[in-house]
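According to the UniProt record's numbering, the stretch in the sequence shown is residues 1 to 359, in order.
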Amino acid sequence: MSITPQPGIMDIALYVGGQSKLEGHASPLKLSSNENPYGPSPQALSALQRSAATLHRYPSTDHAELRAAIARVHDLDADRIICGVGSDEVLQFIAQCYAGPGDEVIHTEHGFAMYPILARAAGATPIEVAERERRVDVDAILAACTEATRIIYLTNPGNPTGTMIPLSEIARLADAIPDQVILVLDGAYVEFAEGYDGGASLVEARGNVVMTRTFSKIHGLGGLRIGWGYAPREIVDVLNRVRQPFNLSNTQLAVAEAAIRDTGFTEHCRAENARLRVWMRERLLALGIACDESHANYVLARFADEAEAAACDAALREEGILVRRVGGYGFPEGLRITVGDEPGCKRVIDAIARFRGAA
Ligand SMILES: *Cc1c(COP(=O)(O)O)cnc(C)c1O
């Protein structure tokens, strides 16, 4: 066969998403993909309906209005923002523009499964760095940097761990990495963390840090596919060269703009999540199940071993509840459980208590 794909492509293992269907249950309780249990903001839904009138028009190519809205809400510089088809697309632009054959892309032990996929798609070599007690280890990352390193992808707060490292540790990393390396801070869960700007201040103070954010999690718009990045202007200029001019539709732009402007709804979701994730962790600990403090919209329940996690997962499915097995992220003994609304949280915890024979 003389038709062959580029080097690295056939090494890519297909991404496996959270399950959404369960046989015998018409509407299962889905706590497997870190979605917002309250759905999108009502303002976003109104914008969705209004956008129907513009379907025959090509969308904006520069996303100026959405970037201005993001900049206003987060107090950022609109010229340093780039919008993409989910933050996944922004993460992809970075790999495409800055890594290639012979280059190394660092990600951490329990990091997002997309990072090695994006590295290989660019022809580069993914390098996995160990974490320490389920936390990103800055010294281990520094020790793994070589002359071939081009990108470091970090999720903070981490998924599926829910743990986070402080801004001071990230600043220490950004200061110490080699000159040719970009530090990418994947901030999919930043809104759920307290007192953390996702690294926006580091982006502004340095030339080597990029932050990505998404509308898929706190804004409840995972089905819309929209995210954004914040980067030094020179890097935004590079990324925009590979971005398709019409990568985002009128509908995506209008709905996302309405969602980010509805700060009251965002705050409601943030506060409910903060309250319920503490409650879930306390209940898990009381049931004898290990669980770190979470800074995101899920908790990682760690059972005695893989067999117990599998048995609990099966028991939850029997009751029409979907959570996420995370063996692929280095936790065969773990179940990642999205923080639902209050009835959803109670239902999953009650089911786990029954499984443990404690109810
Ligand atoms: C959910 C998630 C994202 C968001 O991806 P989108 O493409 O914006 O939907 C990014 N990174 C991590 C670690 C995530 O868990």
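A virtual CB, placed ideally from N, CA and C, is assigned to each residue, including glycine.
Residue i to residue j span [Cα, whole Å]
| i | j | result |
| --- | --- | --- |
| threonine 149 | isoleucine 106 | 7 Å |
| valine 138 | serine 46 | 44 Å |
| leucine 276 | glycine 207 | 38 Å |
| arginine 317 | alanine 68 | 44 Å |
| valine 238 | valine 90 | 12 Å |
| asparagine 36 | serine 2 | 47 Å |
| phenylalanine 112 | glutamine 244 | 24 Å |
| glycine 344 | threonine 266 | 19 Å |
| leucine 22 | histidine 219 | 25 Å |
| asparagine 34 | leucine 322 | 11 Å |
| glycine 8 | leucine 185 | 24 Å |
| leucine 167 | tyrosine 196 | 7 Å |
| serine 51 | leucine 14 | 34 Å |
| arginine 354 | phenylalanine 331 | 23 Å |
Residue i versus the options, residue with shortest Cα-Cα distance
| i | options | result |
| --- | --- | --- |
| threonine 251 | Ala311, Val238, Arg356 and Arg57 | Arg57 |
| leucine 285 | Arg233, Ala174, Thr212 and Leu300 | Leu300 |
| glycine 158 | Pro40, Phe192, Thr125 and Pro126 | Phe192 |
| threonine 61 | Ile82, Ile94 and Arg50 | Ile82 |
| glutamate 306 | Gly340, Ala121, Val326 and Asn297 | Val326 |
| glycine 198 | Glu293, Ser27, Trp228 and Leu224 | Trp228 |
| serine 41 | Phe246, Leu224 and Thr4 | Leu224 |
| glutamate 204 | Ala315, Val236, Ala314 and Ala122 | Val236 |
| glutamate 131 | Leu183, Arg270 and His110 | His110 |
| alanine 121 | Arg354, Met10 and Leu335 | Met10 |
| glycine 18 | His25, Phe93 and Gly222 | Gly222 |
| glycine 357 | Gly340, Gln43, Glu342 and Glu308 | Glu308 |
Per DSSP, the bridge partner or partners of residue i
| i | result |
| --- | --- |
| histidine 110 | Answer is none; histidine 110 lacks a bridge partner. |
| tryptophan 228 | Cys83 and Arg213 |
| proline 126 | Val105 |
| arginine 203 | For the sequence presented, residue 203 should be read as valine rather than arginine. Valine 203 is not bridged to any residue. |
| tyrosine 153 | His107 and Val184 |
| asparagine 338 | The identity of residue 338 in the sequence shown is threonine, whereas the question assumes asparagine. Note: threonine 338 sits in a beta bridge opposite Tyr298. |
| arginine 132 | Arg135 |
| valine 326 | Phe331 |
| lysine 30 | Leu322 |
Where residue i sits in the DSSP three-state scheme
| i | result |
| --- | --- |
| histidine 25 | strand |
| cysteine 291 | coil |
| proline 332 | strand |
| alanine 301 | strand |
| tyrosine 98 | helix |
| threonine 251 | helix |
| isoleucine 177 | coil |
| isoleucine 321 | strand |
| glutamine 6 | coil |
| glutamine 244 | coil |
Cβ of residue i within 8 Å of any chain B Cβ
| i | result |
| --- | --- |
| alanine 140 | Of the chains in the structure shown, none is chain B; there is only one protein chain. |
Exercise answer, beta-carbon shell around ligand 1 heavy atoms below 5 Å: Gly86, Ser87, Asp88, Phe112, Thr155, Asn159, Asp186, Ala188, Thr214, Ser216 and Gly227
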